[in-house]
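Residue numbers (the working numbering), protein chains in the order written: chain A, 12 to 438; chain Z, 10 to 180; chain R, 39 to 424; chain X, 2 to 236.
Using N, Cα and C, we set each Cβ at its ideal position, and we do this for glycine too.
Quick notes on the structure that follows.
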């Protein structure tokens, strides 16, 4: 990679290596270990099979796998793990990253092109990492007349709100960060924040084009809240609960709701495209008309945060679509009872960590979510941008009417005794 | 080495050594990673100065597809871009706008002077309204000759720019 | 009171809050500047009242390179390279009318085969230009696939022109006296096969772009230019043919061998944005048909270029010749005073004439219509500034 | 004899041979010029001067020896084609000697008018002769007789048989204070052309709403560039 400096002497290189190792050891000894101990003393470690876990026991258990597995198992059930890893942020961020990459390749293939190719030596796999690293290291320009506080906090609020929506979405039977009874209502409440953030940010950036973009974002997201909620309402009518996990259970008992509510699924899909400001409803950041809409003044990591937030929102809305209409994690059982046939008495008893139903549920959920995400990426390749008044017209007149039609169908199904408690189709 | 550690001034020596090692330990690999990131995602700003923009459009088309190198020209605002391709002749009316665009771009920014007119005024050297070369306005990193340069030459220019970024210290 | 003034009055009745001087601060002035994805090398200042555009003032000149002044310092042949720079992807047409004007002044007779090759190059270049225009029209409406497909298919024609002339875009192929060199053999059937490929692709453009309901909603009935307005504003090319004026220089004033080719002048009656964006596609289909005819009727052999002495000069005089370029009638007015250097060259390009329609069409429209209306005028800023 | 006897500039009337798909636009009430447009234009027997076949004597194309002074009416050029002659007759008997005919070539007629009555001629041309739009406005600087000549190229969309013709309406002003009445009220299409002519040659068009900077940079302090005494640097 880097060419050798001309005055390179191997001896000098070895001396610098030794110095490096010497100093790393000093830093680890003087700074690293005390830090770990302090953390372990304050963080309440779970007690494992009876006895309270002390830091020493914790450190020793890392060495022997038998005693390490129970510790990991207890850690898995903590909410911190759920927030940080599985249905939470890392999972969403990974899917968002995969979405960005798939979108660029998918769009390129639709346009007879090749798409990012040389970034990661294998078919451009690291293109996303390159974009992220570049954005991190770019200078962030805050326009002089702008309202500094809002200009700074809006992107962070944007990502936080997107993550909040992710928190409410159950990925597998037990695996949800906040399993609250009014799950669906909470999702819409949080989704109500996005127009506010868009307007605040664009107004704070103190320039004309973002201001127009911000107003358009406000109009668009408000106009599409109502059909959005109405289409989800027919699902609530059928499943009888607002709690997302129970919605999925009710679908598991009967059939997926998409067979009964195709129109409201379509309305939900269209208004989620509008929520996400994707191509046909790309008004708030329409390049050709208003430079880059409310993203005009974003540079460097602010732009990165907003992009990450919008792609996490894509994952969240696709996952919501899957839960409401495609039966969440319902799917045929394809995972074997245990990953490795006779792994019970193996050296590393992995089987305790592996649960068949959870793995299967997570697999099907992810598969369906990616399917819906691909569906959401499609319009970017085939349709131009819509005009603002046509957008509002479709939002207010056409979609609301469709949502109502399907609501009546849902009511008819309930009162006709086909679905709901004791219904014909309920297994 | 031991005596050095014990003297009173040894603490700030230790601190400076510490920061120096940290910087060196982090800088070289981190610097290399960030440079690598910058190489593979150059976003040109949408500023067409003259007729070379036709060849730039052809370069971002399906056959020559500069997106293979991570160069997407779809960003409306210049705040997100870090590469100006001066596409052709810069006239005296466009010059202040070009400089204004260059100043408003966030910091690690590079300039490719595309076409003979951008390098030295080219065919229009004796016209009353054309600047003989764009060096006076913006610091140019890579010159791409040709009138208009073929898309392959433009891509070779981009690869030269990537080479230059790879060697430069991150600032 | 012509219909343009009526439109001002009617928009007043319509209740478009026409701003009195006192409410000047209600307006927001937007500069759709040289650095704006919605306008290429061109800037126009618009005043926006809410979502409606109430004032538009074009400000060209960002690529004004003083072509006409430079023509006076070069002799007749040396002018060709820099005269084709205003629109390099339609270079055969812009140098075609210059060559015709010079031939009339100097009194040269272009051999028949040379006229045929010149017409083929001009038709191919018309397609290269129109495909690039269509690509930009797609990206202006946010349809990125519509940018990629025509740009990709354009490369097919550019390969043909590269085989014919040696250069990708700036061919300097049409010179006073004919064409620079003869057609390579095997060009004929390669050209026919590429033309057939392109004709297939036009149907796909219609499916993905023209018949797209979103595109139809955004362009049909938007910025209607009636027939009298079109004639009054003196616009040309696809803009005037979209307003039911069947004017095509190749048919009205046939130059070279265009009188032996029978083709239809494609025009539409509605005169709205959709018509102005559909007529170029019809033109492209028509020019495919023309190229096939040209290739059939071409004499098999013969001179392609009339012999000229080194510094050709003719008797003093003036001439004005025009050609149907991608953007309409493109005329050259050349005054010569007997010396090889032309005394004065005036280039009358289609874009400069179509720019006049911009303020009239944008009045009272929404801000979101601006790119659709602006680019439907078949406007290439570099050429308008010369 | 070159194979094709077609003259490069010969005029094939649009109406006669090639069938026009469109219905000819509404003909404004025109008293027919002497040669009715329906009568097919046969190729004028006389070789039209510029592209005469090699054998024919290449008569000098234009009469003005040097486009400096108003050309003398005596034309050495052979008898002009009938249709153009008809148009000029129309003008002549309407305006008499206000309109000086510089030359008549197939499809091109150049008439010269004094600045003060250019508006009258132009409105007549538009209303009754069918020249309904201006293709371009070209200014030429003649330092020898200290004059600037402004040429209006008038074309026609509405009348079929005039589609190929371009009429050059020219006016000359002296160079020091170049003033010309504007034709913007008659030909809306000359608005930007006149503005460019003002900027490039310094011809002030009275009545034009915006005689100001158009293509040149805002800080242009030099004399209008297309004048002959504006030398390009280094040439």
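Use the C-beta contact count for residue i: other C-beta atoms within 10 angstroms, 16 or more gives buried, fewer gives exposed.
{"i": "residue 168 of chain Z", "result": "exposed"}
{"i": "residue 181 of chain A", "result": "buried"}
{"i": "residue 118 of chain Z", "result": "buried"}
{"i": "residue 178 of chain A", "result": "buried"}
{"i": "residue 427 of chain A", "result": "exposed"}
{"i": "residue 131 of chain R", "result": "buried"}
{"i": "residue 151 of chain R", "result": "buried"}
{"i": "residue 284 of chain A", "result": "buried"}
{"i": "residue 347 of chain R", "result": "exposed"}
{"i": "residue 422 of chain A", "result": "exposed"}
{"i": "residue 62 of chain X", "result": "Note that residue 62 of chain X scores a pLDDT of 40, beneath 50, so its modelled location is shaky; the value from the coordinates is reported in the next line. Buried, since its Cβ has 16 or more Cβ neighbours within 10 Å."}
{"i": "residue 348 of chain A", "result": "exposed"}
{"i": "residue 68 of chain X", "result": "Legend: pLDDT at residue 68 of chain X = 41, less than 50; position of this residue unreliable, value from coordinates given subsequently. Under this definition residue 68 of chain X is a buried residue."}
{"i": "residue 273 of chain A", "result": "exposed"}
{"i": "residue 31 of chain A", "result": "exposed"}
{"i": "residue 145 of chain X", "result": "exposed"}
{"i": "residue 416 of chain R", "result": "buried"}
Can you name, in chain order, every residue of its own chain whose Cβ lies under 6 Å from the Cβ of residue i, other than the five neighbours on each side?
{"i": "residue 224 of chain X", "result": "231"}
{"i": "residue 240 of chain A", "result": "199"}
{"i": "residue 139 of chain R", "result": "357, 359, 370 and 372"}
{"i": "residue 212 of chain R", "result": "130, 133, 134, 137 and 156"}
{"i": "residue 344 of chain A", "result": "371"}
{"i": "residue 306 of chain A", "result": "296"}
{"i": "residue 8 of chain R", "result": "This structure does not reach residue 8 of chain R, given that chain R is present from 39 up to 424, and the question cannot be answered."}
Using the beta-carbon of each residue, which ones in chain X are nearer than 8 Å to residue i?
{"i": "residue 423 of chain R", "result": "216"}
Looking at the structure shown, is residue i part of a helix, part of a strand, or coil, going by DSSP?
{"i": "residue 74 of chain R", "result": "strand"}
{"i": "residue 63 of chain X", "result": "With a pLDDT of 39 at residue 63 of chain X, under the threshold of 50, the predicted position of this residue should be treated as unreliable, though the coordinate-derived value follows. Coil at residue 63 of chain X, not helix or strand."}
{"i": "residue 175 of chain X", "result": "strand"}
{"i": "residue 123 of chain X", "result": "helix"}
{"i": "residue 242 of chain A", "result": "helix"}
{"i": "residue 87 of chain R", "result": "strand"}
{"i": "residue 305 of chain A", "result": "helix"}
{"i": "residue 299 of chain A", "result": "coil"}
Select from the options the residue whose C-alpha is nearest the C-alpha of residue i.
{"i": "residue 108 of chain X", "options": "X/155, X/229, X/228 and X/217", "result": "X/155"}
{"i": "residue 236 of chain R", "options": "R/196, R/111, R/218 and R/253", "result": "R/196"}
{"i": "residue 86 of chain Z", "options": "A/402, A/224 and A/349", "result": "A/224"}
{"i": "residue 342 of chain A", "options": "A/407, A/413, A/396 and A/260", "result": "A/260"}
Report the neighbours of residue i on chain Z: residues whose CB is nearer than 9 Å to its CB, in chain order.
{"i": "residue 126 of chain A", "result": "74, 76 and 77"}
What does residue i reach in chain Z if we use C-beta pairs closer than 8 Å?
{"i": "residue 400 of chain A", "result": "Those do not exist, as residue 400 of chain A stays about 22 Å from chain Z at its closest Cβ, beyond 8 Å."}
{"i": "residue 158 of chain A", "result": "Chain Z residues near residue 158 of chain A: none, gap ~17 Å exceeds 8 Å."}
Using a Cβ cut-off of 8 Å, pull out every chain A residue sitting near residue i, in sequence order please.
{"i": "residue 91 of chain Z", "result": "145 and 149"}
{"i": "residue 43 of chain Z", "result": "144, 145, 147 and 148"}
Near residue i, what residues of its chain come up, given a Cβ to Cβ distance below 8 Å and the 5 sequence neighbours on each side ignored?
{"i": "residue 326 of chain A", "result": "103, 106, 107, 110, 177, 380 and 384"}
{"i": "residue 178 of chain Z", "result": "40"}
{"i": "residue 184 of chain R", "result": "172, 173, 175, 176, 177, 243, 246 and 247"}
{"i": "residue 193 of chain X", "result": "215"}
{"i": "residue 118 of chain A", "result": "126, 388, 391 and 392"}
Check the Cβ of residue i against every Cβ in chain R and list those closer than 8 Å, keeping chain order.
{"i": "residue 118 of chain Z", "result": "Those within 8 Å of residue 118 of chain Z in chain R number zero; the least Cβ separation is about 14 Å."}
For a contact meaning CB atoms closer than 7 Å, what does residue i contact in chain X?
{"i": "residue 107 of chain R", "result": "226, 227 and 233"}
What residues of chain R sit near residue i, judged by a beta carbon separation below 7 Å?
{"i": "residue 176 of chain X", "result": "The premise fails here: residue 176 of chain X is roughly 14 Å from chain R at the closest Cβ pair, so nothing lies under 7 Å."}
{"i": "residue 71 of chain Z", "result": "186, 189 and 190"}
So which residues of chain Z does residue i contact, with C-beta pairs closer than 7 Å?
{"i": "residue 310 of chain A", "result": "88, 89 and 115"}
Name the chain X residues whose beta carbon is nearer than 9 Å to that of residue i?
{"i": "residue 101 of chain Z", "result": "217, 218, 220 and 221"}
Quick one: what's got a C-beta closer than 7 Å to residue i's C-beta in the same chain, skipping five residues either side?
{"i": "residue 147 of chain R", "result": "344"}
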